[in-house]
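> Let me begin by handing over the structure; questions about it come next.
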Amino acid sequence: MLDFHIHSKYSDGNASVFEIAEKAREVGIKKIAIVDHSIELNFGLNEKKAKLRQEEIELAREIYGIKIYSGIECGINGFGEIFLPEFDFDIIIASVHENAQNYFNRIIECVEKNEVHVVGHLLSDMFDFSRDEKLEEILLDKLEELDIALELNSSHQCPPDDFLAKCMDRKLKISIGSDAHRLEKVGKVRWSLEKAKKYLWRARILEL
Ligand SMILES: [Zn+2]
Ligand SMILES: [Zn+2]
Numbered sequence: 002m003l004d005f006h007i008h009s010k011y012s013d014g015n016a017s018v019f020e021i022a023e024k025a026r027e028v029g030i031k032k033i034a035i036v037d038h039s040i041e042l043n044f045g046l047n048e049k050k051a052k053l054r055q056e057e058i059e060l061a062r063e064i065y066g067i068k069i070y071s072g073i074e075c076g077i078n079g080f081g082e083i084f085l086p087e088f089d090f091d092i093i094i095a096s097v098h099e100n101a102q103n104y105f106n107r108i109i110e111c112v113e114k115n116e117v118h119v120v121g122h123l124l125s126d127m128f129d130f131s132r133d134e135k136l137e138e139i140l141l142d143k144l145e146e147l148d149i150a151l152e153l154n155s156s157h158q159c160p161p162d163d164f165l166a167k168c169m170d171r172k173l174k175i176s177i178g179s180d181a182h183r184l185e186k187v188g189k190v191r192w193s194l195e196k197a198k199k200y201l202w203r204a205r206i207l208e209l
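The numbering of the sequence shown is our numbering, which starts it at 2 and goes up by one.
Right under this line is the structure:
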């Protein structure tokens, strides 16, 4: 079992790296990615925080004996841009964090121009956007072509079923994430696993 989308105190999560690692071990999760928000937000993970967090991650790996990856979640702006601190991350998630008129175009541009591993909480109903069948297919083509994972996000419970049904025959990679901001949600990925089983049994699950 794995959970590749967990926020820590280094951005807007409520738990430390050690608490998260302990919780993951307790609930039987063997691999986690601690993925804090990036520098487009004032509380995001800057270079200094990324280095400090890395030291804790390395220590926590030894103490708790689980795999812990160092990640970041970047917000995609209106021009398809993301902003990263100077740091070598194991996993980069790109997500839209605002209401967006050009929702699909900005994600397509982002994955074309940046080295990202995962598109986070696609079609989350926390934000306003318009669905567009043609652009959705173009985005899926891009994800396949570039081997970028589509996240199944258990907190946002997205993408929705009709979109996942369109993914069934594709050779996609998927990423499993709780998007936990609170300790009790670490490893709560049941929704993601159920949807993966129902719609994406052909897909490969992202491993690091
Ligand atoms: Zn997000
Ligand atoms: Zn998140």
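By construction, the Cβ of each residue, glycine as well, lies at the ideal position given by its N, Cα and C atoms.
Quick caveat, the model's predicted, so the values are computed rather than measured.
Between SER96, GLU20 and LYS167, which lies nearest to VAL112 when the distance is taken from Cα to Cα?
Stepping through the sequence shown from its first residue, residue 112 is reached at position 111. Out of SER96, GLU20 and LYS167, SER96 has the C-alpha closest to the C-alpha of VAL112.
> Where does PHE19 sit, in a helix, a strand or coil, going by DSSP?
As a position in the sequence shown, residue 19 is number 18, starting the count at 1. Note: PHE19 maps to helix in three-state DSSP.
> When every heavy atom of ligand 1 is checked, does at least one fall within less than 7 Å of the C-beta of GLU56?
In the sequence shown, the residue the question calls residue 56 occupies position 55. It does not: the Cβ of GLU56 is nowhere closer than 7 Å to a heavy atom of ligand 1.
> Within 8 Å, do at least three Cβ pairs link the stretch 62 to 74 to the stretch 100 to 112?
no
> Flag this pair as yes or no: are the beta carbons of ARG205 and ASN15 separated by less than 8 Å?
For the purposes of this step, residue 205 is taken as the residue at position 204 of the sequence shown. For the purposes of this step, residue 15 is taken as the residue at position 14 of the sequence shown. Not closer than 8 Å, so no.
> Taking 7 Å as the cut-off, does the CB of HIS6 come closer than this to any heavy atom belonging to ligand 2?
Position 5 of the sequence shown, counting from 1, holds the residue named residue 6. Yes, since a heavy atom of ligand 2 falls inside the 7 Å radius drawn around the Cβ of HIS6.
> For ILE77, which residues in the same chain have their Cβ closer than 7 Å to its Cβ, ignoring the five residues on either side in sequence?
Here residue 77 refers to the residue found at position 76 of the sequence shown. Here the set comprises ILE83, ALA95, SER96, VAL97, ARG107, ILE108 and CYS111.
> Just the Cα atoms here: how many angstroms apart are LYS52 and ASN100?
Position 51 of the sequence shown, counting from 1, holds the residue named residue 52. Position 99 of the sequence shown, counting from 1, holds the residue named residue 100. Rounded to whole angstroms, LYS52 to ASN100 spans 32 Å at the Cα level.
> Do ASP180 and SER155 come within 8 Å of each other at the CB atom, strictly closer than that value?
Within the sequence shown, residue 155 is the residue found at index 154, counting from 1. Within the sequence shown, residue 180 is the residue found at index 179, counting from 1. It is a contact, given that the beta carbons lie within the stated cut-off.
> Taking Cβ to Cβ, would you say TYR11 is nearer than 8 Å to ARG62?
For the purposes of this step, residue 11 is taken as the residue at position 10 of the sequence shown. For the purposes of this step, residue 62 is taken as the residue at position 61 of the sequence shown. Not a contact, by the Cβ cut-off of 8 Å.
> Which residues in the same chain have their Cβ closer than 8 Å to the Cβ of SER9, if we skip the five residues on either side of it in sequence?
Within the sequence shown, residue 9 is the residue found at index 8, counting from 1. Here the set comprises ALA16, SER17, VAL18, ILE21, ILE35, ASP37 and ARG54.
> How is the alpha helix (DSSP H) around TYR70 delimited, first residue to last?
To locate residue 70, count along the sequence shown from 1; it is residue 69. Not the alpha helix (DSSP H): TYR70 falls in the beta strand (DSSP E), residues 68 to 76.
> Counting pairs of beta carbons, one from the stretch 114 to 126 and one from the stretch 135 to 154, are three or more of them closer than 8 Å?
yes
> When the Cα atoms are used, what is the spatial distance from GLU116 to ASP126?
Position 115 of the sequence shown, counted from the first residue, corresponds to residue 116. Position 125 of the sequence shown, counted from the first residue, corresponds to residue 126. Approximately 26 Å between the Cα atoms of the pair.
> Return the Cβ separation of TYR200 and CYS168 in integer angstroms, given the expectation that the two are a contact with Cβ distance under 8 Å.
Locating residue 200 in the sequence shown gives position 199, counting from the first residue. Locating residue 168 in the sequence shown gives position 167, counting from the first residue. Indeed they touch by this definition, with Cβ atoms about 6 Å apart.
> For ILE93, tell me which candidate among ILE149, LEU194 and GLY66 has the shortest Cα-Cα distance.
Start at 1 with the first residue of the sequence shown, and residue 93 comes out as number 92. Of the residues ILE149, LEU194 and GLY66, the one whose Cα lies closest to the Cα of ILE93 is ILE149.
> Please classify ALA25 as buried or exposed, where buried requires at least 16 other C-beta atoms within 10 Å of its C-beta.
Counting from 1 along the sequence shown, the entry for residue 25 is found at position 24. Burial call: buried.
> GLY121: beta carbon under 7 Å from a heavy atom of ligand 1?
Locating residue 121 in the sequence shown gives position 120, counting from the first residue. Yes, the Cβ of GLY121 comes within 7 Å of a heavy atom of ligand 1.
> Helix, strand or coil, according to DSSP, for SER9 in the structure here?
Reading the sequence shown from its first residue, position 8 is the one you call residue 9. In the three-state reduction of the DSSP assignment, SER9 falls in the coil class, being assigned neither a helical nor a strand state.
> Can you tell me where the beta strand (DSSP E) holding LEU151 begins and where it ends?
Position 150 of the sequence shown holds residue 151. 150 to 154 is the extent of the beta strand (DSSP E) around LEU151.
> Should ILE69 be labelled buried (16 or more other beta-carbon atoms within 10 Å of its own) or exposed?
To locate residue 69, count along the sequence shown from 1; it is residue 68. Classification of ILE69: buried, given that the 10 Å Cβ count is 16 or more.
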